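For the sequence shown, the numbering used here assigns the number 412 to the last residue and increments by one with no breaks. We treat Cβ as the ideally placed atom computed from N, Cα and C, and that holds for glycine. Predicted, not measured: the structure shown is a model, and the values here were computed from it.
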Amino acid sequence: MQLPEDLQNGVIEALEQAGWNELLNAREVLTDRYRSHQKQQFMTNDQQRLSYLATRLPATYAAVYQTLNQIKKTVNGISIHSLLDLGAGPGTTLWAAAQIFPLQTATLFEKDLALALLGQKLAQRKELAVFQNCQWKIGDLELLEELPVHDMVTLSYSIGELSSASILPVLQKCWQATKEILVIIEPGTPTGFERIRLIRQTLIDMGGHIVAPCSHALKCPILRGDWCHFTARIERSSFHRRLKGGTLNYEDEKFSYIVVSKSSLLLPPARILRHPQHRSGHSLFTLCTPNGIQQETISKRTPLEYKIAKKLEWGEVFSLSAK
90 MQLPEDLQNG VIEALEQAGW NELLNAREVL TDRYRSHQKQ QFMTNDQQRL
140 SYLATRLPAT YAAVYQTLNQ IKKTVNGISI HSLLDLGAGP GTTLWAAAQI
190 FPLQTATLFE KDLALALLGQ KLAQRKELAV FQNCQWKIGD LELLEELPVH
240 DMVTLSYSIG ELSSASILPV LQKCWQATKE ILVIIEPGTP TGFERIRLIR
290 QTLIDMGGHI VAPCSHALKC PILRGDWCHF TARIERSSFH RRLKGGTLNY
340 EDEKFSYIVV SKSSLLLPPA RILRHPQHRS GHSLFTLCTP NGIQQETISK
390 RTPLEYKIAK KLEWGEVFSL SAK
């Protein structure tokens, strides 16, 4: 996938105002902090914020877009017209959500004023009313007393920045602010997934109904040493490649997520947990099902199912039968 043209152009325009060496140094600092899961003072100057636009915004956009797109595919007739994004950064989730849902209003909370100002500047490039009229609020999630109710509440790469003691209170406030669905995305690492696993059970205990990626609300069948994650591919601009020192014209972002609804929904029978193995005459799938992790083979003996199976990808719903 690609960044929306308006967003891509806005990022490049912002980066062209910064010195190249300063951006490179800032990228190294941010990379070290991201990999070390450092919670405090993630970005401390404007060069680091601009570097974030080039190095993390595209990957975050890809993960959010793919997650929200799975919601649209999974839930028939879902009605999402308002967005509350917590830990909004430069507004990345708004850009992804507006590509998928007919948003009319949006409220974005971000504790870093300078980063929020960058986000506002990017949003002004888009003529859609939700971008022009979205409300930006400066605030720390751990200190907010009450949140306004919206159809969809999102936290992308935000929960991991909280202290352990504040996660439950923040989840409770987020759930109270959710009218339809709550979406939480974390890095696709063992640590990120364990966080998602705990959040999943917490939200079920609060009365939430699983939407995705799980095909059930039973105990998570993923064993210790493994982790449930997915991947999203985003095209890299030449600026992006130079700054990250990469040669490929794309980047794969690994992420874990959970989506929970206020109402009970019909869940798909299974979801694909790994890259399918498409071989001559058959395709092999690792699936999450209500009966645990299962392997499924679709062969040419079922021609219609086999034709569909060849096109299925990691992270998608699986509803085929080998019989």
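Determine the burial state of K389: buried for a count of at least 16 other Cβ atoms within 10 Å of its Cβ, exposed for fewer.
Taking the sequence shown and counting its residues from 1, one reaches residue 389 at position 300. K389 counts as exposed, since fewer than 16 other beta carbons sit within 10 angstroms of its beta carbon.
Beta-carbon separation of H239 and S171 under 9 Å?
Along the sequence shown, one-based indexing puts residue 239 at 150. Along the sequence shown, one-based indexing puts residue 171 at 82. Contact flag set, yes.
Compare the Cα-Cα distances from G99 to each of E231, N165, T181, R360 and report the closest residue.
The count along the sequence shown starts at 1 and reaches residue 99 at position 10. Nearest C-alpha to G99 among E231, N165, T181, R360: T181.
Could you compute how far the alpha carbon of P379 sits from the alpha carbon of Y150?
Residue numbering aside, residue 379 sits at position 290 when the sequence shown is read from its first letter. Residue numbering aside, residue 150 sits at position 61 when the sequence shown is read from its first letter. For P379 and Y150, the distance between alpha carbons rounds to 30 Å.
Could you name the residues of the same chain whose beta carbon sits closer than 7 Å to that of R363, not counting the 5 residues immediately before and after it, in chain order?
Here the question's residue 363 lines up with position 274 in the sequence shown. So the qualifying residues of the chain are T375, W403.
Along the chain, where does the beta strand (DSSP E) containing R66 start, and where does it finish?
The structure shown does not extend to residue 66, since the chain is modelled only from 90 through 412, so no value can be given for it.
C-alpha distance - A205 paired with I227, whole-angstrom precision:
As a working note, residue 205 is residue 116 in the sequence shown. As a working note, residue 227 is residue 138 in the sequence shown. Separation of A205 and I227 (C-alpha to C-alpha, rounded to the nearest whole angstrom) is 8 Å.
Where DSSP assigns a beta bridge to R368, which residues make up the other side?
Translated into the one-based positions of the sequence shown, residue 368 becomes position 279. Paired residues: H371.
Proximity of E275 and F344 at Cβ, strictly below 9 Å
Residue numbering aside, residue 275 sits at position 186 when the sequence shown is read from its first letter. Residue numbering aside, residue 344 sits at position 255 when the sequence shown is read from its first letter. The Cβ-Cβ distance between E275 and F344 falls below 9 Å.
Decide if P191 is buried, meaning its Cβ has at least 16 other Cβ atoms within 10 Å, or exposed.
Against the sequence shown, residue 191 aligns to sequence position 102. By the neighbour-count definition (other C-beta atoms within 10 Å, threshold 16), P191 is an exposed residue.
Mapping DSSP to helix, strand and coil, what is F198?
For the purposes of this step, residue 198 is taken as the residue at position 109 of the sequence shown. Look at F198 here: in three-state DSSP terms it is strand.
So within the region 224-282, which uninterrupted beta strand (DSSP E) runs reach at least 3 residues, ignoring any that extend past its ends?
For the region 224-282, whole beta strand (DSSP E) runs of length 3 or above, ordered along the chain, are 224-227, 239-245, 267-276.
Could you have a look at I207 and say whether DSSP puts it in helix, strand or coil?
Within the sequence shown, residue 207 is the residue found at index 118, counting from 1. In the sequence under discussion, the amino acid at residue 207 is Leu, which differs from the Ile named in the question. Three-state result, L207: helix.
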